Amino acid sequence: PSRSDRALASESLRRVGLDDRSGTTFGELSGGQRQRVLVARALVQDSPLLLLDEPFAGIDAPSAELLSALFDDLAAEGRGLLMATHDIEQARSWDLVLCCNRVQIAFGDPAEVLTREVIERTYGASLVELPGDRPLAITPPHHHDHGEEAK
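In this note's numbering, the protein residues as written are 382 to 532.
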């Protein structure tokens with residue numbers, strides 16, 4: 382790698398809070414640190430659009446806050462971010478959401494799209510109301526044999 386490649390890699394590690402781990406092998410990192418390294422690898426590509434599959438999976442709260450701030454910074458810099466998640470609360474903070482389950486179910490502003498009906502259709506499950514901060518919980522879908530359809 383060239384000097385500029387190394388500088389970009391170092392800067393990417395700094396942005397995900399792992400500049401102190403640059404000499405550590407991937408196998409020695411925790412799951413959350415590995416997730417952040419994968420984000421750093423995406424940053425090194427310097428692409429105008431980042432495609433991220435569950436970037437918050439398996440990371441602790443401080444790391445999630447760091448990545449959230451980083452993603453906000455990247456968006457402010459003009460980069461696009463396309464993220465897959467199963468975390469409805471997280472998706473509520475995004476500019477746009479796409480809900481799909483093999484086909485598109487809804488697309489648009491999270492305040493308008495993340496309705497009870499859309500969430501139930503997306504997850505193929507029912508919701509129940511809970512008290513407090515988390516008013517909805519997804520219940521397991523009811524499975525039974527549909528004859529030929531089940532095969």
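Heads up, the beta-carbon is just placed ideally off N, CA and C, and yes, glycines get one too.
The structure displayed is predicted, hence computed values, not measured ones.
In the DSSP assignment, find the unbroken beta strand (DSSP E) run with residue i in it and report its ends.
| i | result |
| --- | --- |
| Leu486 | In the sequence as presented, Leu is not what sits at residue 486; that position holds Ile. 485-489 is the span of the beta strand (DSSP E), which, as asked, contains Ile486. |
| Glu510 | 508-510 |
| Asp434 | 430-434 |
| Ile519 | 517-519 |
| Gly479 | The question names Gly, but residue 479 is Leu in the sequence shown. Leu479 -> beta strand (DSSP E) spans 478-481. |
Taking the DSSP output, what are the residues bridged to residue i?
| i | result |
| --- | --- |
| Leu447 | Note: Leu447 sits in no beta bridge, so no partner. |
Compare the beta carbon distance of residue i and residue j with 7 Å and say whether it is the shorter of the two.
| i | j | result |
| --- | --- | --- |
| Val425 | Pro436 | no |
| Arg460 | Pro429 | yes |
| Leu462 | Leu511 | no |
| Leu495 | Glu501 | no |
| Leu433 | Arg417 | no |
| Ile440 | Gly413 | yes |
| Ala487 | Val499 | yes |
The alpha helix (DSSP H) with residue i in it runs from where to where?
| i | result |
| --- | --- |
| Gly461 | Here Gly461 belongs to no alpha helix (DSSP H); instead the beta strand (DSSP E) covers 461-465. |
| Ala423 | 412-425 |
| Val499 | 497-504 |
| Ala472 | 469-472 |
Check residue i in the structure and name its three-state DSSP category.
| i | result |
| --- | --- |
| Ala531 | Reliability of the predicted coordinates at Ala531 is poor, the pLDDT of 48 falling under 50, and no value is obtained from them. |
| Leu389 | helix |
| Leu455 | helix |
| Leu394 | helix |
| Phe407 | helix |
| Ala492 | helix |
| Asp400 | helix |
| Ala438 | coil |
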